[in-house]
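Residue 1 is where the sequence shown starts when you use UniProt numbering, and the numbers rise one by one after that. We treat Cβ as the ideally placed atom computed from N, Cα and C, and that holds for glycine. Bear in mind the structure is a predicted one, so any value in this text is a computation, not a measurement. Written below as structure tokens is the structure these notes are about.
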Amino acid sequence: MKKIKAVAPYAFGGKPGFKHQPYEAWVNIGGRTAKPHYPPKVLHSLAYNVDFPSLCKCGKEARLRLVEPVALTYDAFPDYIFYEIVPLIWDCWPHYFGKVAKWLKRHDVRTAIFTSSQTADLMRKEFPDMNILSIPEGINVTTYHAGKNLAERNIDLLEYGSIKRNFFQHYVAGIKHINSQNANGCMRTFSQLLDTMADAKITISLPRCDTAPEETGGIETLTQRFWEGMLSRSVLLGRAPKELIDLVGYNPVVTIDKEHADEQVRDIVEHISEYQGLVDKNRETALRMAPWEIRMKQIMEWLEGLGYEK
Numbered sequence: 001m002k003k004i005k006a007v008a009p010y011a012f013g014g015k016p017g018f019k020h021q022p023y024e025a026w027v028n029i030g031g032r033t034a035k036p037h038y039p040p041k042v043l044h045s046l047a048y049n050v051d052f053p054s055l056c057k058c059g060k061e062a063r064l065r066l067v068e069p070v071a072l073t074y075d076a077f078p079d080y081i082f083y084e085i086v087p088l089i090w091d092c093w094p095h096y097f098g099k100v101a102k103w104l105k106r107h108d109v110r111t112a113i114f115t116s117s118q119t120a121d122l123m124r125k126e127f128p129d130m131n132i133l134s135i136p137e138g139i140n141v142t143t144y145h146a147g148k149n150l151a152e153r154n155i156d157l158l159e160y161g162s163i164k165r166n167f168f169q170h171y172v173a174g175i176k177h178i179n180s181q182n183a184n185g186c187m188r189t190f191s192q193l194l195d196t197m198a199d200a201k202i203t204i205s206l207p208r209c210d211t212a213p214e215e216t217g218g219i220e221t222l223t224q225r226f227w228e229g230m231l232s233r234s235v236l237l238g239r240a241p242k243e244l245i246d247l248v249g250y251n252p253v254v255t256i257d258k259e260h261a262d263e264q265v266r267d268i269v270e271h272i273s274e275y276q277g278l279v280d281k282n283r284e285t286a287l288r289m290a291p292w293e294i295r296m297k298q299i300m301e302w303l304e305g306l307g308y309e310k
């Protein structure tokens, strides 16, 4: 049996990124870890752009690496050279499939994990003999606060993230509508964003395949955006990905009426207290089902079933 050890993702600018959350969860459930060996900054470009060949690999240990296709060689550096790699892969959109498949073949990857079930299905067709698991994205639930009840909140409608992906390319009349164009500093830092989400009555929540189809190639998946809204007890208005509905057993999102969206927003605001039960349920569900510890426990048990030693 090979020991499986996770390696901490690189902290760009000294700040841990979103890939640190599953790593920390792995540590919290007692998973083994290995020391990272990232190159000095002067060699970052080399590690990012050059896919080095695998050498004589260690037969006693494997490395769990948390990677994105856009930075595949860097995220797994240098362990893919010396160890069997078990990659946990985010954001593997169709335009990355060729790159990822080539890398998996080149380094003889026999076990891989994807955060998109649709991507995992496509990869199973490409690699019928590979052990492939799909797990929905999790989140660090302790970061997000419940805020006041809906009727006491100050922001009627919130859209955050890239302005070009916003559903409303105008401001809804008679509604306090916040997006990145008029945020006035209320989303400049992550702490400010947390407070803003917890002060919003309605948050637009759509899968990335709806807002950026040119990027996602039709792949629909659950992202942290939905967990953030559920944990912040905001009314999610948009469309829920099937992965989310299947996971929690109900639809936590109010489906947007694209033809009458302005009127729908105003109606929700006018009857906002009627949605308090839904947002309370959403937060309780997210607290119970969203933590990364649950995902990493699932991964650990799956790997043990394949013969890896935790």
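Taking its Cβ as the centre, do 16 or more other Cβ atoms sit within 10 Å of residue i, making it buried, or is it exposed?
| i | result |
| --- | --- |
| TYR250 | exposed |
| LEU231 | buried |
| MET1 | exposed |
| LYS60 | exposed |
| PHE12 | exposed |
Look up residue i in the DSSP assignment and say whether it is helix, strand or coil.
| i | result |
| --- | --- |
| GLU137 | coil |
| THR142 | helix |
| ILE113 | strand |
| TYR80 | helix |
| LYS2 | strand |
| ALA200 | strand |
| ARG32 | strand |
| SER205 | strand |
Would you grab the beta carbon distance between residue i and residue j for me? Rounded to a whole angstrom, and I think it's under 8 Å.
| i | j | result |
| --- | --- | --- |
| MET29 | LYS297 | Reading the sequence as shown, one finds Ile at residue 29 and not Met. Correct: roughly 5 Å between the Cβ atoms. |
| PRO94 | GLY229 | Not really, about 27 Å apart at Cβ, beyond 8 Å. |
| LEU66 | PRO39 | That pair is no contact at about 18 Å. |
| GLN276 | ASN140 | GLN276 to ASN140, Cβ: 25 Å. No contact. |
| GLU137 | THR115 | 5 Å |
Output the distance between the C-alpha atoms of residue i and residue j, rounded to the nearest integer angstrom.
| i | j | result |
| --- | --- | --- |
| MET187 | VAL86 | 36 Å |
| GLU274 | HIS20 | 37 Å |
| GLY147 | ALA286 | 15 Å |
| ILE175 | GLU270 | 10 Å |
| VAL42 | THR119 | 34 Å |
| HIS177 | LYS99 | 40 Å |
| GLU220 | THR255 | 16 Å |
| LEU104 | ILE135 | 19 Å |
| LEU72 | VAL279 | 37 Å |
| LYS164 | LYS3 | 45 Å |
For the alpha helix (DSSP H) containing residue i, list its first residue and its last residue.
| i | result |
| --- | --- |
| LYS99 | 97-106 |
Identify the continuous beta strand (DSSP E) that holds residue i and give its terminal residues.
| i | result |
| --- | --- |
| GLU243 | Counting along the chain, GLU243 falls outside any beta strand (DSSP E), though it belongs to the alpha helix (DSSP H) covering 242-248. |
| ARG208 | Segment 208-211 is the alpha helix (DSSP H) holding ARG208; no beta strand (DSSP E) there. |
| ALA62 | 61-67 |
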